[in-house]
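Residue 1 is where the sequence shown starts when you use the working numbering, and the numbers rise one by one after that. We treat Cβ as the ideally placed atom computed from N, Cα and C, and that holds for glycine. Just below is one structure, and these are the notes that go with it.
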Amino acid sequence: MQGRDKELLIKNWLLKSDEAMDDAKIAVGNNRLSTTQNRLYYAIFYAISALAQKYGFATSKHGQLLGWFNREFIKTNKVEEKYGKLYIKTFDNRQRSDYTITFQPDKQALISDIHDTEEFIKVIKQLAE
């Protein structure tokens, strides 16, 4: 995919990322901690999907997208390692939050993660646009 279609897909992935980030902020304010965890992960996932679109990488697997990002951007020092760790952390915590009934996200940790995720997404947007 090239040209305007590719640009539109990148734009739409980034819009979805922004919406998920907004949802995370609303959810944490309403003590919907599992929802917050889910939306934080998806804010990152959608932003990374925009980046993958730009670079012509396609996958339907979350783990493959994460691996691609780490290989292409973390290991090459294009993106700080702390953001790779945040991506892995939100991926793991989203899995635990969605599928492990006894896991309860920590509100203060989520508030910190919201800030870190916003910074991460700014970095990704610069690379994707």
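Contacting residues, own chain, Cβ-Cβ under 6 Å from residue i (five flanking each side not counted)
{"i": "D113", "result": "L40"}
{"i": "R32", "result": "none"}
{"i": "N70", "result": "G84"}
Which of helix, strand or coil DSSP assigns to residue i
{"i": "T102", "result": "coil"}
{"i": "E80", "result": "coil"}
{"i": "N31", "result": "coil"}
{"i": "S60", "result": "coil"}
{"i": "K75", "result": "coil"}
Same chain only: Cβ atoms within 7 Å of residue i, ignoring 5 sequence neighbours per side
{"i": "A43", "result": "S17, A20, M21, A24, T117, I121"}
{"i": "K6", "result": "Q53"}
{"i": "V79", "result": "F73, V123"}
Expected contact under 8 Å - CB spacing of residue i and residue j to nearest Å
{"i": "F103", "j": "R96", "result": "4 Å"}
{"i": "I124", "j": "I10", "result": "So it is not a contact: roughly 11 Å between Cβ atoms."}
{"i": "F91", "j": "H115", "result": "The pair is not a contact, with the Cβ atoms about 18 Å apart (cut-off 8 Å)."}
{"i": "L110", "j": "T35", "result": "With 8 Å as the limit, L110 and T35 do not qualify as a contact, their Cβ atoms being about 10 Å apart."}
{"i": "A128", "j": "L15", "result": "So it is not a contact: roughly 12 Å between Cβ atoms."}
Residues of its chain near residue i, where Cβ-Cβ distance is below 8 Å and the 5 sequence neighbours each way are ignored
{"i": "Y46", "result": "W13, L14, K16, S17, A20"}
{"i": "P105", "result": "L33, S34, T36, Q37, N93, S97"}
- Count the C-beta pairs between the segment 53-63 and the segment 73-88 that are closer than 8 Å, then say yes if the count reaches three, no if not. no
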